[in-house]
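One structure is given here, and the rest of the page talks about it.
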Amino acid sequence: MENKELETNIPESEIAADAAVETPAFDDAAQKEKEEQAREAKIAADKLLPPDPDALLEVRHLKKHFILKKTLMGKPLSTLKAVDDVSFTVKSGETLGIVGESGCGKTTMGRTILKLHQPTDGQIFFEGKDIAGYSPKEMRALRTKMQIVFQDPYSSLPPRSTVGGILAEPVKVHNIVPKAEVKDYVLQIMEQCGLRDYYYERYPHEFSGGQRQRICIARALTVDPKLVVCDEPVSALDVSIQAQIINLLKKIQEERNLTYLFISHDLSVVKYISDKIGVMYLGSMVEFGEKDEIFDNPMHPYTNALFSAVPNPNPDEKVQRIILKGDIPSPANPPMGCKFHTRCPRAMEICKHIAPEYKEYGKGHFVACHACEQES
Ligand SMILES: Nc1ncnc2c1ncn2[C@@H]1O[C@H](COP(=O)(O)OP(=O)(O)OP(=O)(O)O)[C@@H](O)[C@H]1O
Ligand code: SF4
Ligand SMILES: [Mg+2]
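Residue numbers for the sequence shown follow the numbering used here, beginning at 17 and rising by one.
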C-alpha cells in the first residue's frame, strides 16, 4: 500500500488534538499590528543608544519607501519598500560587500546612506553623527567625505570635458588645494589610479571601459573621501579588466585607509574584496557578518541558495545547487511573514504569518530566520 508508513494506531481524536497544537490559527491582521508595535518599540529603544565608537558608518533601522500612487488629497495609496529596516556597522578601512538579487534594494540603500535619497526613517551615523536628518546645506560639508563610483563608466563622465577638467573641478569646488597646485594634485591622483599624465588633455570617448572606470575612481579620490560606495563598479567591464579595477580599489584602500560599501551581484568578487558581507532580500538584510563566517557558515536559506550558485574551483568538492522556486515577489506587495517564504525550501507554517526577528547568532553574525531560531 502506498502510504503504509503513515498508518498508526493512535485514536483520531488524539491526532486532531496534536494537529491543533502544531498548527495554531494565525490572525494575520492582529499579527501585523503586533509586529508593527514590537518594531516601533525596538526602534525607539535603539534610538536612545549611543553610536558605536568603533564604526565609521552605523546604520540603524534604515528605511527608504517610494510612494508609487497617491490619492487626490496626497495620501499614499501604494508604497514600495525598497529599503525596509536595515541595520549594520562598518569600521574605518573595512569593506562591506552587499549582495542580493536585482531589485532587492542595494543601490537604493547605498544612495540613501549618502543622502542622495532622503531616508524615510532610521539613523545613519557617520563618524559618530546622525546625518539622517541633515539638510542639503549640512550635507555639502560632508560630500567630500562620502563618494560614489557608479556601475556604468560610459554614462557617468561628461563627454565634453577633458579628463583634467573632470578631475580638477571637484578639487576647485571644494578648495582641496590652492589653485596653483590643482594640476599637480590631479596628476598625482591620476598616477595613483594607473592613468598616464598625457591623458589629462584627452576626452572620455578616447578611453576603454576599464580606463574610464579608473577616471571615475580618480574623480572620487580627488576630494579625499573616507567612505566610497562602489555600486557594481566592475559589472560593465570585461572579466580581465575587472581584476585590474578590483586590485586598484584594494591598493588605494590600503594607501588611504578607505572604507567601501561594495555593491555587487558577483559573489566571487565580493568574496575577494570584502571584510564583511550583508545579504539583502526584498529590501531587508537577511544575513550579515564577517566574510569568512558568512562563507564558511551561511545560515539563512537564501544565502545558502545564492552561494550554491557560485562555481566551485575545486572539482572534488561537490556543492549541490539550490534552485529557488518562483520569481522574486514585488517589493510593492511583499509576502506577509518572512518575505522569503514563497521561495524558501525550508518554509514552515509560522513563516507565512510571522516575520522572523533579525538576531545575532555568534559574534557579529546576524540572521533573520525562524528555522535558525529553532535550531539554535
Ligand atoms: N526612484 C524610485 N522610485 C520608485 N521605485 C524605485 C526608485 N528607485 C528604485 N526603485 C525600486 O526600488 C527597488 C530596489 O531598487 P534598487 O535599484 O535599489 O535595486 P538593486 O538591488 O540595486 O537592483 P540591481 O541589482 O538591478 O541594480 C526596485 O523595485 C526598484 O524598482
Ligand atoms: S523564516 Fe522560514 S521562510 Fe524565512 S528563510 Fe527562514 S525558514 Fe525560510
Ligand atoms: Mg543596483
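Backbone N, C-alpha and C fix where the C-beta goes; we use that ideal spot for every residue, glycine too.
Exercise for review: List in chain order: all unbroken alpha helix (DSSP H) runs of 4+ residues lying wholly within the region 247-296.
Suggested key: 255-272 and 283-289
Review point. Is there contact here, the region 231-244 with the region 196-216, by at least three beta-carbon pairs under 8 Å?
Key: yes
Point to revise | From M206, Y215 and T124, residue whose alpha carbon lies closest to that of L96 | key: As a first step, residue 96 is located in the sequence shown; it is residue number 80 there, counting from the start. Of the listed residues, the one whose Cα sits closest to L96 is T124.
Review point. Given that a residue counts as buried once 16 or more other Cβ atoms are within 10 Å of its Cβ, and exposed if not, what is S280?
Key: What you label residue 280 is simply residue 264 of the sequence shown in a count that begins at 1. That one is buried.
Practice item. Return yes when at least one heavy atom of ligand 1 lies under 7 Å from the C-beta of A252, else no. Key: Within the sequence shown, residue 252 is the residue found at index 236, counting from 1. Every heavy atom of ligand 1 is 7 Å or more from the Cβ of A252, so no.
Check your understanding: Based on Cα-Cα distance, which residue from H77, L93, L64 and L78 lies nearest to L84?
Key -> Here residue 84 is taken as the residue at index 68 of the sequence shown, counted from 1. Looking at the Cα atoms, L93 is the closest of the given residues.
Review point. Along the chain, where does the beta strand (DSSP E) that runs through A57 open and close?
Key: On the sequence shown, position 41 is the one that residue 57 refers to. Per DSSP, A57 belongs to no beta strand (DSSP E); it is in the alpha helix (DSSP H), D44 to K63.
Practice item. Along the beta strand (DSSP E) that carries G305, what are the first and last residues, could you check? Key: Residue numbering aside, residue 305 sits at position 289 when the sequence shown is read from its first letter. Unbroken beta strand (DSSP E) run through G305: S300 to E306.
Exercise for review: Decide if A387 is buried, meaning its Cβ has at least 16 other Cβ atoms within 10 Å, or exposed.
Suggested key: Your numbering for residue 387 matches position 371 in the sequence shown. Counting Cβ neighbours within 10 Å, A387 comes out buried, since at least 16 surround it.
Practice item. Quick one: residues in its chain with C-beta nearer than 8 Å to the C-beta of Q167, no 5 flanking neighbours on either side, listed in chain order? Key: By one-based count along the sequence shown, residue 167 stands at place 151. Hits under 8 Å: D247, E248, P249, S251 and A252.
**Study point:** Contact test: H316 Cβ vs ligand 2 heavy atom, cutoff 7 Å
**Key:** Stepping through the sequence shown from its first residue, residue 316 is reached at position 300. Yes, the Cβ of H316 comes within 7 Å of a heavy atom of ligand 2.
Point to revise | Pairwise C-alpha distance: K375 and V37 | key: The residue you call residue 37 lines up with position 21 of the sequence shown. The residue you call residue 375 lines up with position 359 of the sequence shown. Residue confidence is low: V37 scores 44 on pLDDT, short of 50, so the model does not pin down where it sits. No coordinate-derived value is stated.
Check your understanding: Say the cut is 7 Å; is the CB of E248 nearer than that to a heavy atom of ligand 3?
Key -> Working through the sequence shown from its first residue, we reach residue 248 at position 232. Checking every heavy atom of ligand 3 against the Cβ of E248, one is found closer than 7 Å.
Practice item. Would you check if the distance between the CB atom of I233 and the CB atom of L265 is smaller than 8 Å? Key: For this step, residue 233 is matched to residue 217 along the sequence shown. For this step, residue 265 is matched to residue 249 along the sequence shown. For I233 and L265, yes; Cβs fall inside 8 Å.
Review point. Among residues of its own chain, excluding the 5 on either side of I59, which ones have a beta-carbon nearer than 6 Å to its beta-carbon?
Key: Mapped onto the sequence shown, residue 59 falls at position 43. Cβ within range, chain order: H77.
**Study point:** Simplified DSSP assignment, three categories, for E74
**Key:** In the sequence shown, the residue the question calls residue 74 occupies position 58. Strand, per DSSP.
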